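Below is one structure, written out as structure tokens; comments come after it.
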Amino acid sequence: MSNHHIRVTVNGDVQEADVDARLLLVHFIREDLNLTGTHIGCDTSHCGACTVLVNGTAIKSCTYFAVQADGAEVSTVEGLAQNGDLHPIQEGFREMHGLQCGFCTPGMMIASIALLEQNPNPTEDEIRWGISGNLCRCTGYINIVKAVQYAAEKMQE
Amino acid sequence: MPEIQGLGHSRKRVEDARFIRGRGNYVDDLKVPGMIYLDLVRSPLARAKIKSINSEKALEVPGVLAVLTGETLKEYDVHNMPTLMNEHQMVLPLDTVEYQFQEVAGVLATSRYAAADGVAAVEVDYEPLEPVVDPFKALEPDAPLIWPDRPKWADVPEEERSNHIWHWEKGDKEATDKAFEEAEVTVKENLYIPRLSAAAIETCGCVAKWDAVEGQLTLWMTTQAPHAIRTVFALVTAHLGLSEEKIRVISPDLGGGFGGKVYVYPGYVIAVAASIVTGSPVKWIEDRTENLGTNAFGRDYHITAELAGKKDGTLTALRIKTTADHGYVDAAANPLKWPAGLFNICTGSYDFKNAFVEVDGVYTNKPPGGIVYRCSFRVTEAVHTIERLADLMAHEVQMDPAEFRKKNFIKPEQFPYQSVLGWEYDSGNYAGALDLAMDMIGYDELRKEQAEKRERGEFMGIGISSFTEIVGAGPSHSFDIIGLKMFDSCELRVHPTGKVIARFGTKSQGQGHETTFAQIIAEELGIPADHIKIEEGDTDTAPYGLGTYASRSTPVAGAAGAMAARKVRDKAKKIAAHLLEVSEEDLEWEQGKFFVKGSPDQAKTIQEIAFAAYTDYPQGMEAGLEAVSYYDPPNLTYPFGSYICVVDIDRGTGEVKVRRFVAVDDCGIRINPMIVEGQIHGGLTMGFAPALLEEISYDENGNMYGSSFQDYLLPTSVETPKWETGTTVTPSPHHPQGLKGVGESATVGAPVAIVNAVVDALWHIGVRHVDIPMTPPKVWALLKEHGAALEQ
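Here the protein sequences line up with chains A and B, keeping their order. Using my numbering, you'd call the opening residue of the first sequence number 69 and step up by one each time. Using my numbering, you'd call the opening residue of the second sequence number 187 and step up by one each time.
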């Protein structure tokens, strides 16, 4: 198996490592970098618990090799709060009760941020389509939609 | 001083602080020094003889350390393990495999990648055997015997062995049969409620760490019932020298449970054995296919149900016969006296004088389980049956289904109500909930719209479900899990500055106990909820309890919290009397303080009293301010609700669109309305899912359909209806705070409302019943059969 040197910027910090070609990005993030906020729920890119941003695009890191992220900027849930201040999407999830068990939450928040980057003022249907690649088993999505709406308003202030 | 935030306050959740920052502590987040990885070889066949297992090539894979088989475990006599139904199931097989994806061997390696490579390199030689997939075929005299080597047959003559597990019945058969003979009207239907998987987004897993020097086993695992699990481990490993005080089960943050994390899966036991054998900590985490393919299932009930009544719509009798497919072993997690769970709640919200219900449990070549999927012990099956039949009868006697229900409801003045099948319903106002739901949805207008649409050839249906739940297991006279009575517990300690730590025997999986249990105590002591820390899930620190499932946390552990707080208040009163130099009789309680009757200025706050409990307590009294409660509930609780669903059916595609869904829930007093609403939203979505999307099924060879999210369809945000919720409040008369519990109500009540709506839409073309899931192909086939499909 081939080994590769990669250089990835994760939440602003430059990380260098020698990794197997087959190492998945999610394992690199969770196990090599100890950033365990990004979760694994299905291994088949259906559930979205592993969603992270690579150069601003939301991707499912369980079906993405670490070597593909060489030279890229990766953002995970751990990078959302800045200087102790919560990101509006984090506030939205807390204020609107957008989470229960919390397992899908990091991926759901990252997917929501990617949506709001493209569409800062989405309709309810646009939000529902925007997060439809992320599964939640607890909330029935209503309060997640409200959390995204909360963040959209806050981010436009 | 922060606000008290007791009962009824939509307090923001304490748990969220870590979850929204990615700082949760789920089991796969755990790293222990020296940890190795376990991955499992699983059977591709539903039934086969294992001729040989060759580990040579696997052991040559870089990083692979060892391969464990049934023979390895047999040396330690842990190749089989007891189920919670007093049977045995295989941890790793010696001779045969009995379902697809069954564990065959364990591979240990230095990384999860190496372990997976090792699994691929283990060579197993199987001799295929004919599987028994259909439970009715399993009962035929010439059916092959499933798992012939099962321990319970060791002393049973061969001719007495069969795939029939047990027969259970309740009610007066003779009187019920007579009522059917005399009935003016009867209806009958066959219902199949398919297998489901709880499919929490976090799969199951553990880290097992054996310390040979200390004789200490620490097991971090995805469990909803850590204390019971510890006792089971202590009982089955005593011969290996493990001792209960040196077994520590820690249930960290759980990424959902829904019943799927009550069970002990072979993987946990193999991980423990592997840690003992290798001396290294061992991590095992399921992948999604393993989770869907082998975790305990829900439902799988084949039901034949009949209702008898009068032409005026009065119900007179209910008769139900059910075949329960249990897979290759009965490993359900029911109380021992209740092999079919609480299925005898099947008389539902109606006042029956006669009823008879019987259930037969059957082995098939499928994974075991039985009561997962957010369903308090077979209540969903019961509600589905009675609410489906009620609708059939209403149509049969040409009454509006709402009017029909109201005519037959148990009336508010009949509570506490003794049901003919043995339950004492604590409280209810069924018509009140249905009336509110009808107002909210505009029932009469919808019926007019339906009639107009039908004229135009558009198919629209309105379905009702008026369900009664039965939760809070349970009173010790009737309820136990392998002999452990189903109490729950709280240990409460007030620190000198008036802050509290309280530990419970339950384990939240998203319900928000850290938030709501603090509110229960805040209500009783007047100490702000923000000053109350809640802990659960560590058997070394938390008091013994039976755990969180079957909607039992609020009615049982919640009551323990209230009772422990009241004990603390009793001692606080003595201290207050001492401080104020009055007798206890002269004191009155107002939330947060004791004051002298008639002299409200003479008062001591609970915080002042707490400080005195460590600095200035009466002579002869022990210091400190703490209490323990082990709460044995006097009865179960009976939450209820009425749901109304409106569907539109696409005659071209068979797609069922849930246009509106109003859910009125009555779970007694609500601790935290925000969290209750959230649980109802999630519960409704887990009711919608099996009605239209989710199903685990098998082909004739026992191959599973639905072993990934590609074909086991969890609802996304796009399909999920926009739920509309309403509230009525009928407190439980026996719970100290009037609480009933709500976690599962919506999943129990919702599916049949959707089925009733679909049948209502299709009744005029001759459709009388549809089994779930009501997929577009199934509905389109029905439309076609009845000449109503639109074809281009």
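All residues carry an ideal CB built from backbone N, CA and C; glycine is no exception. The model shown is predicted, which means the values in this text are computed figures rather than measured ones.
Asked: Is the CB of Ser815 of chain B under 8 Å away from at least one CB in chain A?; Found: no
Asked: So Arg416 of chain B is in the beta strand (DSSP E); what residue range does that whole segment cover?; Found: It is not in any beta strand (DSSP E) - Arg416 of chain B instead sits in the alpha helix (DSSP H) that spans Pro412 to Thr423.
Asked: Tell me which residue opens and which closes the alpha helix (DSSP H) that Gly256 of chain B is part of.; Found: Gly256 to Glu261
Asked: Are the CB atoms of Asn551 of chain B and Ala503 of chain B nearer to each other than 8 Å?; Found: no
Asked: Could you check where the alpha helix (DSSP H) with Lys970 of chain B kicks off and where it finishes?; Found: Pro962 to Glu971
Asked: Output, in sequence order along the chain, the residues in the segment 166-180 of chain A whose CB is closer than 8 Å to any CB in chain B.; Found: Leu167, Gln168, Cys169, Gly170, Phe171, Cys172, Thr173, Pro174 and Met177
Asked: Measure the CB-CB distance between Val122 of chain A and Ala137 of chain A and report whether it falls below 8 Å.; Found: yes
Asked: Does DSSP put Arg485 of chain B in a helix, a strand or coil?; Found: coil
Asked: Rounded to the nearest angstrom, what separates Asp214 of chain B and Ser737 of chain B at their Cα positions?; Found: 26 Å
Asked: Taking 7 Å as the cut-off, is the C-beta of Tyr378 of chain B nearer than that to any heavy atom in the ligand NAP?; Found: For the ligand NAP, the structure offers nothing, since it holds no ligand at all.
Asked: Please classify Pro598 of chain B: does DSSP put it in a helix, a strand, or coil?; Found: helix
Asked: With DSSP as the reference, please indicate the residues paired to Ile239 of chain B in a beta bridge.; Found: B:Val310
Asked: If we call anything under 8 Å between Cβ atoms a contact, is Ala849 of chain B one with Ile866 of chain B?; Found: yes
Asked: Output yes or no for whether 8 Å exceeds the beta carbon distance between Glu722 of chain B and Arg679 of chain B.; Found: no
Asked: My assumption, with CB atoms under 8 Å, is that Val833 of chain B sits in contact with Met624 of chain B. Please give the rounded CB distance.; Found: With a Cβ gap of about 17 Å, Val833 of chain B and Met624 of chain B do not count as contacting.
Asked: With 8 Å as the C-beta to C-beta threshold (strictly closer), list the residues of the segment 100-127 of chain A near chain B in chain order.; Found: Asn102, Leu103, Thr104, Gly105, Thr106, His107, Ile108, Gly109, Cys110, Asp111, Thr112, His114, Cys115 and Ala117
Asked: Under 8 Å, with one C-beta from each stretch per pair, do the segment 696-711 of chain B and the segment 191-202 of chain B reach the 3-pair mark?; Found: yes
Asked: Considering just the uninterrupted stretch of the beta strand (DSSP E) at Gly547 of chain B, what are its terminal residues?; Found: Asn540 to Val548
Asked: Glu881 of chain B and Pro959 of chain B: beta carbons closer than 8 Å?; Found: yes
Asked: Once the 5 residues before and after Ala219 of chain A are set aside, which same chain residues still bring their CB inside 6 Å of it?; Found: Pro156, Ile157 and Gly160
Asked: Using CA atoms only, rank isn't needed, just tell me which of B:Ala414, B:Ala745, B:Gly453 and B:Leu403 is closest to Asp225 of chain B.; Found: B:Gly453
Asked: Closest Cβ-Cβ distance between Gly80 of chain A and chain B: below 8 Å?; Found: no
Asked: Would you tell me roughly how many angstroms separate the C-alpha atoms of Trp197 of chain A and Leu900 of chain B, rounded to the nearest one?; Found: 15 Å
Asked: Can a CB atom of chain B be found closer than 8 Å to the CB of Ala149 of chain A?; Found: yes
Asked: Output needed for Ala762 of chain B: all residues of its chain with C-beta closer than 7 Å, excluding positions within five of it in sequence on either side, in chain order.; Found: Leu773, Phe780, Lys790 and Ile795
Asked: If we define contact as Cβ-Cβ less than 8 Å, is Val145 of chain A a contact residue for chain B?; Found: yes
Asked: Give a yes or no on whether the minimum CB-CB distance between His867 of chain B and chain A is below 8 Å.; Found: yes
Asked: If you scan the segment 500-582 of chain B from start to end, which runs of the beta strand (DSSP E) of 3 or more residues do you find wholly inside it?; Found: 501-511 and 540-548
Asked: Between which two residues does the alpha helix (DSSP H) carrying Ile178 of chain A extend?; Found: Thr173 to Gln186
Asked: Checking the sheet assignment: what are the DSSP bridge partners for Lys469 of chain B?; Found: B:Tyr223 and B:Val393
Asked: Can you tell which of A:Thr125, A:Phe96, A:Thr131 and A:Arg98 has the C-alpha that lies nearest to the C-alpha of Asp111 of chain A?; Found: A:Thr131
Asked: Output needed in chain order: residues of the segment 198-217 of chain A with a Cβ under 9 Å from some Cβ in chain B.; Found: Gly198, Ile199, Ser200, Gly201, Asn202, Leu203, Cys204, Arg205, Cys206, Thr207, Gly208, Tyr209, Ile210, Asn211, Ile212 and Val213
Asked: Measuring only between beta-carbons, confirm whether Phe133 of chain A sits less than 8 Å from chain B.; Found: no
Asked: At 8 Å on the CB atoms, spell out the chain B contacts of Gln158 of chain A, in chain order.; Found: Ile206 and Arg207
Asked: With a 10 Å radius around its C-beta and 16 neighbouring C-beta atoms as the bar for buried, classify Ala181 of chain B as buried or exposed.; Found: The structure shown has nothing for residue 181 of chain B, since chain B only spans 187 to 978.
Asked: Check this for me: beta carbons of Leu969 of chain B and Gly868 of chain B, under 8 Å apart or not?; Found: no
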